């Protein structure tokens, strides 16, 4: 390590300590949601990184693991003051992946997942799950969910001709154990059937906003569109700012991937995504906000600090607390092994990056997801692995309420 | 100079100074805009198939991590993989595997874990594409290297693997000696 790099490390270590003093969350003791077993691998993966949600006093975490030899989707609930999570199986007999969840009211949730190559949803809570419903016969994957004043919505990548295209439908949870029903799925870009992947959703007061990875330009770009009537979407607009360069170095353009949306207020939503625009150390995380219910997203802001940008960031997740504070969490290995890092902002720039307490060290901590409850409490889940390739366990930590508004 | 830069990329942690050198080197290259896919005329297969074949046939694996729209991948395809020596040598000696580092396509790791191609990229810290990983027939990684490669580079890497140099020295030591 050069002298300059050593100095940089010391400088940022000092900055980290200083930032820790001002971190607005005090995390409680980590809890194991699903324990490590030889040969079992847990994955916290979902389109829009919607793997944790809060409803009333219940927290739900959804994931996939292969405990019985087949990848299946599971959910675990923690209710009230209980410290432990109680789990149940979400998916059926087929191989299942990438479950997502969003909260309803009174401790109930809606779940979505991919099973046997098709998209599924169901509702339920700690007392039991309602019957599962398949979202059509076509191939489907990468299900994501969101709820707002306008209702509960699902978006997924659905086979459309030769490509997977993003579709959105409104969900109506059944009563008294009846299965969920869904409206006719609406294709987001009917005039242009091009490969589209990994949607993210935010439900605002006047519109449903969807963002996704889009390959129309010969490289992966983040696009977004809004629907005010559930029948059609506005023209797709680009979210990630593309530098005007095409060359052997950049090909058709740099890569952007795995967008996440969070509702920021009645007509505002925030987005974060992974972005290779500066070619330094792999993906960085960028963020943007829409203030017109998803018609346009604004200036892109870097979430990762200068030192962190030398390293690759992965699995960025985003949530907004009751004060309108955007919090982004991800993993990177700037300290030698994958650890969880986070940053937040209200109106200004994103803060200095800070290690998530209790989610760093020689183990591998990856794939974080987070959600806020109505009181401002932060709920965080992630995957922990003692050594690469070894068994994993699913961890959870709660920070009751932010202390101050930064 | 390009080779020196590639060796720098080969270290586990890519530092900013190295990235900047790579960026500068890339900017010095000629300008073309084309899509990146596996090079035409080579029998690239998916990860699962490739590792199963490698075990069966006792052949090493070359894993090519590309990205949709990656300019360096396309340049390597056009300028290195078009070389008749590689066309003859690589399909015969290696099981060739292509991974799209942004894809949600699933694969099975040797330990039984099912993950996406993108997640494989995260685990292997694929910070830049193309990245080439040489694996033993049992799936163990021999070495990896990122960035634009020439046919001559691939011929040297082949010697490092097929003549067993990797058992006694690192790729950095091998290249340092060979290029002296």
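Chains as they are written, first to last, in our numbering: chain A, 1 to 406; chain B, 407 to 586. Just so it is clear, CB atoms sit at the ideal spot from N, CA and C, and this is done for glycine as well. Just so it is clear, the structure is predicted and the values come from calculations on it, not from any experiment.
(message) With a threshold of 8 Å between beta-carbons, can residue 224 of chain A be considered close to chain B, or not?
(response) no
(request) Output, in chain order, the set of chain A residues within a Cβ distance shorter than 7 Å of residue 473 of chain B. (result) Those are 255, listed as they occur along chain A.
(request) Could you work out which residue in A:128, A:401, A:389 is closest to residue 518 of chain B when comparing CA atoms only? (result) A:389
(request) May I ask which residues mark the beginning and end of the beta strand (DSSP E) holding residue 102 of chain A? (result) Here the beta strand (DSSP E) through residue 102 of chain A covers 96 to 103.
(message) Is it the case that the stretch 59 to 79 of chain A contacts the stretch 176 to 192 of chain A, given that we only count it when at least three CB pairs across the two stretches are under 8 Å?
(response) no
(request) Work out the CA separation of residue 507 of chain B and residue 220 of chain A for me, nearest whole Å. (result) 11 Å
(message) Tell me whether the stretch 494 to 505 of chain B and the stretch 454 to 469 of chain B touch, counting them as touching only if at least three CB pairs, one residue from each stretch, are closer than 8 Å.
(response) yes
(message) I need the straight-line Cα distance from residue 397 of chain A to residue 59 of chain A, nearest angstrom please.
(response) 11 Å
(message) Can you give me the C-alpha to C-alpha distance between residue 87 of chain A and residue 77 of chain A, rounded to a whole angstrom?
(response) 6 Å
(request) With residue 213 of chain A as the anchor, note down where its beta strand (DSSP E) starts and where it stops. (result) 208 to 214
(request) Run down chain A in chain order and give the residues with a C-beta less than 7 Å from the C-beta of residue 550 of chain B. (result) Those within 7 Å of residue 550 of chain B in chain A number zero; the least Cβ separation is about 14 Å.
(message) Given this structure, state the Cα-to-Cα distance separating residue 269 of chain A from residue 399 of chain A, to the nearest angstrom.
(response) Cα-Cα distance, rounded: 23 Å.
(request) Compare the Cα-Cα distances from residue 480 of chain B to each of A:230, A:33, A:218 and report the closest residue. (result) Shortest Cα-Cα distance from residue 480 of chain B to any of A:230, A:33, A:218 involves A:218.
(request) Kindly say whether residue 215 of chain A, judged by its beta-carbon, lies nearer than 8 Å to any beta-carbon of chain B. (result) It does: the Cβ of residue 215 of chain A has a partner Cβ on chain B nearer than 8 Å.
(message) Considering Cα atoms alone, identify which of A:236, A:263, A:170, A:172 is closest to residue 196 of chain A.
(response) The residue with the shortest Cα to Cα distance from residue 196 of chain A is A:236.
(request) Quick one: using the 10 Å Cβ neighbour count with 16 as the cut-off for buried, is residue 348 of chain A buried or exposed? (result) Residue 348 of chain A is exposed by the Cβ-count criterion.
(request) Whole angstroms is fine: what's the gap from residue 110 of chain A's alpha carbon to residue 369 of chain A's? (result) 17 Å
(message) Cutting at 7 Å between CB atoms, please list the residues of its own chain near residue 312 of chain A, excluding the five before and the five after it.
(response) 281, 282, 283, 332.
(request) Select from A:192, A:47, A:163, A:141 the residue whose C-alpha is nearest the C-alpha of residue 210 of chain A. (result) A:47
(request) State yes or no: is the beta carbon of residue 541 of chain B nearer than 8 Å to at least one beta carbon in chain A? (result) no
(request) Tell me, to the nearest whole angstrom, how far the beta carbon of residue 31 of chain A is from that of residue 62 of chain A; I am working on the premise that it is less than 8 Å. (result) In this structure residue 31 of chain A is not in contact with residue 62 of chain A, their Cβ atoms being roughly 16 Å apart against a cut-off of 8 Å.
(message) On the CB-based measure, 16 or more other CB atoms within 10 Å of its CB, does residue 437 of chain B come out buried or exposed?
(response) Summary for residue 437 of chain B: the model assigns pLDDT 31, below 50, so the residue's position carries little reliability, and this model does not support an answer.
(request) Name the two residues that bound the continuous alpha helix (DSSP H) containing residue 499 of chain B. (result) 490 to 499
(message) Beta-carbon within less than 7 Å of residue 422 of chain B's beta-carbon, same chain only, minus the 5 sequence neighbours each way: which residues are those?
(response) Any reading at residue 422 of chain B needs caution, since the residue's pLDDT is 36, under 50, leaving its predicted position unreliable; the model's value is listed next. Result list for residue 422 of chain B: empty, nothing under 7 Å.
(request) For residue 186 of chain A, count neighbouring C-beta atoms within 10 Å of its own C-beta (all shown protein chains included) and say buried if the count is 16 or more, exposed if not. (result) So residue 186 of chain A ends up on the buried side.
(message) With a threshold of 7 Å (Cβ to nearest heavy atom), would residue 485 of chain B be considered close to the ligand COA?
(response) With respect to the ligand COA, the structure offers nothing, as it holds no ligand at all.
(message) In chain order, what are the residue ranges of uninterrupted alpha helix (DSSP H) at least 4 long that sit wholly in the stretch 474 to 551 of chain B?
(response) 477 to 485, 490 to 499, 523 to 529
(message) With H, G and I counted as helix, E and B as strand and the rest as coil, what does DSSP make of residue 390 of chain A?
(response) coil
(message) Using CA atoms only, rank isn't needed, just tell me which of A:54, A:23, A:67 is closest to residue 37 of chain A.
(response) Nearest to residue 37 of chain A by alpha-carbon distance, out of A:54, A:23, A:67, is A:67.
(request) Output, in chain order, the set of chain B residues within a Cβ distance shorter than 9 Å of residue 220 of chain A. (result) 473, 474, 475, 508
(request) Could you pull out every residue in the same chain whose Cβ sits closer than 7 Å to the Cβ of residue 207 of chain A, ignoring the five residues on either side in sequence? (result) 226, 227, 228, 293, 294
(request) Just the C-alpha distance for residue 525 of chain B and residue 137 of chain A, rounded to the nearest angstrom, thanks. (result) 27 Å
(message) The alpha helix (DSSP H) that contains residue 578 of chain B, what's its start and end?
(response) 577 to 584 is the extent of the alpha helix (DSSP H) around residue 578 of chain B.
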